[in-house]
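First comes the structure, then the notes that go with it.
In full-length UniProt numbering, the protein residues as written are 1 to 277.
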């Protein structure tokens, strides 16, 4: 087995000099771009990135502006379109390093919202999309905008996973934002969801994953958004008893297996199409 290589680099994007983690094992055959969720950072995706790299991916995972090691006021997102432009910037960097390789976009939670908006704006770059508990359709957190002062409603770590170690690590992580939502962030999310709901259907083959016991981003709310952008090649897996962070859940090996089965099938189709062109 090839030795795993992990690097942290800085990529100058529309939001500024973003921190990007990369993983690779041997000569890659495809590129995976990971968009993390609200208040966290790309380092929390180390396990899944390493598994993808061992399956032939060159993994690139930026910290969004205001998150992790990237600059900006913590957990402040003033415009989701800028985050989408940042993802395109990171994609361009990955494409220069790995020219001609197919791209898979993986988005979790709020990163899933960014991934869908990216797919609407840059469909030509995508071989496949994986959405893990994406914020789509409606989101109950936006109800906080009704308050004149946003109340501090921290995320319950027990809602992340049935594995209590996941919640403890989340609480102890200094790069995770544990403060209240910011009004401008919620307003940016609301605008992005509206744009997605009125945007085009997804053209790339898409795998939607969700936990049936996800209280942070309920599956029923997300389904309204999925139905709004559902393309002809949409697949889904709803996992009984699973909570929000499927790549950190007790059945994460099952989840990863479903992801790899989907990607192997779709990337094989991409290779066949290239061979005919």
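We put the beta carbon where it would ideally sit given N, CA and C, even for glycine.
Using a 10 angstroms sphere on the CB of residue 264, the tally of other CB atoms stays under 16, which defines it as exposed. Taken atom to atom, the span from the alpha-carbon of residue 82 to that of residue 54 is near 31 Å.
Shortest Cα-Cα distance from residue 107 to any of 92, 33, 123 and 174 involves 33.
Residue 107 sits in a strand when the DSSP states are folded into three classes.
In this structure, residue 135 places its C-beta atom within 8 Å of the C-beta atom of residue 217. Distances from the CA of residue 229 to each of 200, 75, 163 and 188 were compared; the closest alpha carbon is that of 200. In the structure shown, the three-state DSSP call for residue 33 is strand.
Put simply, the backbone Cα of residue 254 is about 10 Å away from that of residue 247.
Between the C-alpha atoms of residue 249 and residue 44 there is a straight-line separation of about 13 Å. Distance between residue 113 and residue 192, taken at the CA atoms: about 8 Å. If you compare the alpha carbons of 256, 210 and 37 with that of residue 175, the shortest gap goes to 37. Counting along the chain, residue 16 sits inside the beta strand (DSSP E) bounded by residues 16-25. Within the segment 140-172, the complete alpha helix (DSSP H) segments at least 4 residues long are 164-172, listed from N- to C-terminus. Straight-line measurement puts the Cα of residue 182 at about 10 Å from the Cα of residue 188. CA-to-CA, the gap between residue 166 and residue 214 works out to about 15 Å. Straight through space, the alpha carbons of residue 156 and residue 169 are spaced by roughly 13 Å. Each of 129, 102 and 98 was checked against the Cα of residue 111, and the nearest Cα belongs to 129.
Counted as a single uninterrupted DSSP element, the beta strand (DSSP E) harbouring residue 10 occupies residues 4-13.
DSSP places residue 112 within a helical segment (H, G or I) once states are collapsed to three.
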